[in-house]
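K.L.:
Count the sequence shown with the working numbering and you get residues -19 to 152, in order.
Cβ atoms here follow ideal geometry from the backbone N, Cα and C, with glycine treated the same way.
All values derive from a computational prediction rather than experimental measurement.
Just dropping this structure here.
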Amino acid sequence: MSSEMIFPLKETERRAVRVVLIDKTCSILLLSTRDVSNPNFINSWELPGGGILEGESHADAAIREVFEETGLIVPFQSVRVPQWFRDVHYSYRGERRLQHEAISLAYINDFKPDIHYAEREPFELEDHLEYHWWSLEELKSSSATFYPRNLPKHIEQLLQGESINDPIEIWD
């Protein structure tokens, strides 16, 4: 494939959740991700999450997505109301997407638990390279690429329960 990708004008739209998953040490789980179909994609550290199924609530989608990507069980009552709504334009596996994301916090009663891959889709096994529980200090001082890009900038506001006004991100 050439280094220049040609994208169709039409974007596939979907609704999605992202979860700032926090453990007992106040560490935040991020997954190292790549797009194997796009050699120009920058590996990034992203929040767990994904598409919301038809008829599914935000909290139910958050719980399901965290379980599918990590094997961790998030109690329903620990999923907070979304604090950050945003539209993200990006390409993934050759498809141009517009993703309407709702990002919220969720808490687990554990100390940096290991994650498990049994529930992952085959493409997730290819794309998710590793995971790391990030301390607040690590996250804010890192030069890594994050998804959302401004997560380090907004993490303290999120942890304080504030709403975030950063509504659009164009990934590529």
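Hey, how far is the Cα of W151 from the Cα of R(-2)?
P.N.:
Looking up residue 151 in the sequence shown gives position 171. Looking up residue -2 in the sequence shown gives position 18. So the alpha carbons of these two residues sit roughly 16 Å apart.
K.L.:
Can you tell me the Cα-Cα spacing of P(-12) and N20, whole angstroms?
P.N.:
Numbered from 1 along the sequence shown, position 8 holds the residue referred to as residue -12. Numbered from 1 along the sequence shown, position 40 holds the residue referred to as residue 20. For P(-12), the pLDDT reaches just 49, beneath the cut-off of 50, and the residue's location in the model is therefore unreliable, although a value from the coordinates is still provided. When rounded, the distance between both Cα atoms is 18 Å.
K.L.:
Which same chain residues, not among the five before or five after E(-7), have their C-beta less than 8 Å away from its C-beta?
P.N.:
Residue numbering aside, residue -7 sits at position 13 when the sequence shown is read from its first letter. Only R77, L78, Q79, H80 meet the Cβ criterion.
K.L.:
Could you have a look at L116 and say whether DSSP puts it in helix, strand or coil?
P.N.:
Position 136 of the sequence shown, counted from the start, is the residue given in the question as residue 116. Three-state result, L116: helix.
K.L.:
Put M(-19) into one of helix, strand or coil per three-state DSSP.
P.N.:
The residue given as residue -19 occupies position 1 in the sequence shown. Any reading at M(-19) needs caution, since the residue's pLDDT is 42, under 50, leaving its predicted position unreliable; the model's value is listed next. Correct three-state label for M(-19): coil.
K.L.:
Checking 8 Å against the spacing of the C-beta atoms, do S12 and Y111 come in under that value?
P.N.:
Position 32 of the sequence shown, counting from 1, holds the residue named residue 12. Position 131 of the sequence shown, counting from 1, holds the residue named residue 111. In contact: S12 and Y111 (Cβ atoms closer than 8 Å).
K.L.:
From L139 to V59, what does the alpha carbon distance come to, in whole angstroms?
P.N.:
Here residue 139 refers to the residue found at position 159 of the sequence shown. Here residue 59 refers to the residue found at position 79 of the sequence shown. Rounded to whole angstroms, L139 to V59 spans 13 Å at the Cα level.
K.L.:
By the three-class DSSP mapping on this structure, what secondary structure does Q140 have?
P.N.:
Working through the sequence shown from its first residue, we reach residue 140 at position 160. Coil.
K.L.:
So the beta strand (DSSP E) D67 belongs to, where does it begin and stop?
P.N.:
To locate residue 67, count along the sequence shown from 1; it is residue 87. Run containing D67: 64 to 72, per the beta strand (DSSP E) assignment.
K.L.:
What does a CB cutoff of less than 6 Å around G31 pick up in its chain, not counting 5 residues either side in sequence?
P.N.:
On the sequence shown, position 51 is the one that residue 31 refers to. Hits under 6 Å: R(-6), A(-4).
K.L.:
Of the choices S115, A124, I144, S122, whose alpha-carbon is the least far from that of I2?
P.N.:
For the purposes of this step, residue 2 is taken as residue 22 along the sequence shown, with counting starting at 1. Of the listed residues, the one whose Cα sits closest to I2 is S115.
K.L.:
As a quick exercise: from I83, I148, A39, pick the residue whose alpha carbon is nearest that of G141.
P.N.:
Stepping through the sequence shown from its first residue, residue 141 is reached at position 161. Answer by Cα proximity: I83.
K.L.:
Which residue comes first and which comes last in the alpha helix (DSSP H) that contains I43?
P.N.:
In the sequence shown, counting from the first residue as 1, residue 43 sits at position 63. It spans 38 to 50 - the alpha helix (DSSP H) in which I43 sits, taken as one unbroken run.
K.L.:
Nearest CA to the CA of L9: which residue from V61, S71, P132?
P.N.:
The residue labelled residue 9 in the question sits at position 29 within the sequence shown. The shortest C-alpha separation from L9 is found at P132.
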